[in-house]
Each structure stands twice: as C-alpha cells, then as structure tokens.
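Numbering (my numbering), first residue to last: 63 to 368.
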C-alpha cells in the first residue's frame with residue numbers, strides 16, 4: 063500500500079476522513095449520528111478493530127475512530143517528523159476532538175470512551191484534560207494505571223520485551239519482518255480463534271513495508287514500566303482520572319487469555335471501578351473484539367442503549 067490508497071478491507075464499509083495537524087494527515091472514521099462514541103485502538107492495531115462495533119452502533123450513535131499517527135491509514139512519518147510518545151498521542155487526540163467540537167458540531171459533553179490496549183492511557187489522559195466530557199467508559203483489555211505486578215517486568219515477559227526494546231534483532235523483527243503485528247494476529251498470541259485470511263491481511267495491510275512500521279516499534283519502546291520514564295507522569299494522570307468513573311456507567315469486556323493484560327489487570331480494574339458491568343470471556347485473547355464479538359458487541363450495544 064502506498065500513499066493513501068486503500069487496501070481491501072472486508073467488513074469496513076466506511077468513509078475515510080482526514081484531519082491535518084503540523085503537516086501530517088490523521089485518518090479517522092466519523093459514522094452515524096447521536097451521542098458520540100470515541101473508540102481508541104492500541105498497538106499494533108488500527109480502526110479496523112472497531113468495524114463490527116461501528117456497524118452495530120452507528121444507527122443510534124456517532125462513532126468516531128481515529129488511527130494513531132503512523133498506524134492504519136494515517137500518515138507514516140519518520141522519527142524526525144514525530145516524537146511517537148504518549149504525550150504526542152494525547153495532544154493528537156485533543157486536537158482531533160477539538161476540531162470535531164469546533165468545526166463538525168460534536169457536543170462538548172456526553173461522550174462515551176471505548177479503549178483497548180494503548181487506547182487506555184491515551185484516552186484517560188485525554189479525559190483528564192476535560193473533566194466531565196466523558197460520561198461513560200468501555201474498557202477492553204487495557205490498563206490506565208501502573209502495572210499491578212509491580213515495577214519489575216514479569217518473568218514470562220522479560221525475554222521478549224528485552225529483545226524488542228534493547229537489541230538490533232528486535233529492530234529487524236519490528237521493521238523488516240513486522241513480527242510483532244504478525245504474531246498479534248495469530249493464535250495463541252493476540253487471538254485464540256484463527257482469523258479469516260482476508261481479515262488478518264486487512265489488519266496488516268497498512269504497514270506494508272518497513273518504513274511504515276516505526277509506530278509499532280515506538281509504542282513498545284514507550285511502555286512506562288517505572289517512575290522516571292518520560293510517559294510515567296501521563297500514566298499517573300490517567301490513573302487519577304479513573305476515580306471520576308467510580309459513579310459513572312462503565313462496562314468491562316475482557317479476554318482472559320491475554321498474555322499481557324492478564325487476570326490481575328482485570329482484578330485491578332474491578333477494584334478501582336467496583337460498580338462496573340463486567341463481561342469476562344475465558345476463551346478470548348487480547349483482541350477480545352475478534353474472539354468474542356458475537357457476545358461482546360451486543361453487550362456494548364445494550365450498555366449504551368440503557
């Protein structure tokens with residue numbers, strides 16, 4: 063895929079929209095009408111993840127799903143053009159939503175925030191800037207607080223994380239072989255049920271060459287494991303924002319077979335948001351919307367309707 067030519071994307075019958083900031087085009091979807099539902103993907107995903115949920119909701123809600131810069135159909139800048147940090151992601155989201163409110167008649171309040179993976183810290187840090195804007199929260203295999211396992215990387219994750227963050231082999235795996243995203247779309251890593259070949263190809267299509275894969279690598283580099291990391295203060299802001307949702311409607315949809323966002327992470331969410339409606343899927347993995355969409359999409363639809 064080159065430029066903004068769109069690959070074949072089964073189940074993604076949406077009109078592409080674009081928002082330009084600092085000379086870089088960000089791709090987003092804006093489907094339907096009604097109270098806005100903002101859907102934030104993580105790494106190594108893009109707005110294709112939300113296709114079924116958008117189709118289910120756009121008759122009653124305004125569904126907004128951006129592609130983070132460097133991912134999906136957004137521009138793919140080099141490190142000389144963009145910092146690829148949590149702070150820059152929050153700034154991007156703030157600029158896009160500000161544009162939608164100022165120029166495209168989106169309301170200032172009454173938003174539902176749906177987050178997966180990195181969407182959690184990005185979305186909750188954004189919400190911290192606008193108290194009261196988000197009225198409901200949907201949490202899907204993510205975190206918006208320091209790792210409850212503590213500052214040390216869990217033993218099972220130490221070798222792959224060290225390889226990906228600290229070695230030249232890791233760089234080759236990211237950029238040349240696209241190994242991180244390829245494994246994330248295969249069982250037993252990101253999914254537990256094998257994806258149809260055309261769906262897996264659609265997840266991988268936007269990152270069709272090495273120069274388009276930098277964002278995937280930089281997201282892994284930016285994981286704030288302990289105090290002193292540049293993204294740590296924003297992670298703490300996201301954590302502080304969670305307290306505001308203790309009395310607001312929250313739905314948690316969780317795949318228990320996620321190797322990173324494990325049952326202890328789920329327990330932390332339930333501890334912090336004890337009134338949340340929880341839907342737990344013992345046979346689903348990290349991409350819970352792929353493995354458990356037949357149950358999870360109707361659950362989210364009903365949650366927003368009520």
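We put the beta carbon where it would ideally sit given N, CA and C, even for glycine.
Using only the alpha-carbon positions, how far apart do residue i and residue j sit?
{"i": "residue 72", "j": "residue 258", "result": "10 Å"}
{"i": "residue 251", "j": "residue 355", "result": "17 Å"}
{"i": "residue 243", "j": "residue 128", "result": "19 Å"}
{"i": "residue 364", "j": "residue 339", "result": "11 Å"}
{"i": "residue 193", "j": "residue 172", "result": "11 Å"}
{"i": "residue 308", "j": "residue 331", "result": "11 Å"}
{"i": "residue 136", "j": "residue 88", "result": "5 Å"}
{"i": "residue 321", "j": "residue 212", "result": "16 Å"}
{"i": "residue 306", "j": "residue 166", "result": "27 Å"}
{"i": "residue 329", "j": "residue 210", "result": "9 Å"}
{"i": "residue 131", "j": "residue 84", "result": "12 Å"}
{"i": "residue 188", "j": "residue 291", "result": "19 Å"}
{"i": "residue 347", "j": "residue 157", "result": "32 Å"}
{"i": "residue 324", "j": "residue 121", "result": "34 Å"}
{"i": "residue 78", "j": "residue 134", "result": "11 Å"}
{"i": "residue 333", "j": "residue 207", "result": "12 Å"}
{"i": "residue 254", "j": "residue 261", "result": "15 Å"}
{"i": "residue 154", "j": "residue 234", "result": "28 Å"}
{"i": "residue 119", "j": "residue 186", "result": "22 Å"}
Using a Cβ-Cβ cutoff of less than 8 Å, which residues in the same chain neighbour residue i once the five nearest sequence positions on both sides are dropped?
{"i": "residue 256", "result": "248 and 249"}
{"i": "residue 343", "result": "315, 316, 317, 318, 350, 353, 354, 357 and 358"}
{"i": "residue 312", "result": "198, 199, 200, 201, 335, 337, 338 and 339"}
{"i": "residue 124", "result": "92, 93, 94, 95, 96, 97, 98, 99 and 168"}
{"i": "residue 277", "result": "105, 130, 131, 132, 133, 138 and 146"}
DSSP state of residue i, grouped into three classes?
{"i": "residue 90", "result": "strand"}
{"i": "residue 284", "result": "coil"}
{"i": "residue 206", "result": "coil"}
{"i": "residue 180", "result": "coil"}
{"i": "residue 109", "result": "helix"}
{"i": "residue 275", "result": "coil"}
{"i": "residue 229", "result": "coil"}
{"i": "residue 295", "result": "helix"}
{"i": "residue 363", "result": "helix"}
{"i": "residue 255", "result": "coil"}
{"i": "residue 266", "result": "helix"}
Does the beta-carbon of residue i have 16 or more other beta-carbons within 10 angstroms, so that it is buried, or is it exposed?
{"i": "residue 269", "result": "buried"}
{"i": "residue 105", "result": "buried"}
{"i": "residue 296", "result": "buried"}
{"i": "residue 82", "result": "exposed"}
{"i": "residue 164", "result": "exposed"}
{"i": "residue 368", "result": "exposed"}
{"i": "residue 183", "result": "buried"}
{"i": "residue 142", "result": "exposed"}
{"i": "residue 108", "result": "buried"}
{"i": "residue 229", "result": "exposed"}
{"i": "residue 180", "result": "buried"}
{"i": "residue 271", "result": "exposed"}
Cutting at 6 Å between CB atoms, please list the residues of its own chain near residue i, excluding the five before and the five after it.
{"i": "residue 361", "result": "341"}
{"i": "residue 138", "result": "132 and 274"}
{"i": "residue 205", "result": "182 and 327"}
{"i": "residue 170", "result": "163"}
{"i": "residue 294", "result": "286"}
{"i": "residue 101", "result": "112, 127 and 176"}
Closer than 7 Å by C-beta to residue i: which residues in its own chain qualify, once you throw out the five before and the five after it? Chain order, please.
{"i": "residue 113", "result": "73 and 74"}
{"i": "residue 190", "result": "299, 300, 302 and 303"}
Quiz item: Can you list the alpha helix (DSSP H) stretches of 4 or more residues lying completely in the segment 298-357, in chain order?
Solution: 325-334 and 350-353
Practice problem: Give, in chain order, every unbroken run of the alpha helix (DSSP H) that is at least 4 residues long and sits entirely within the segment 120-176. | Solution: 148-165
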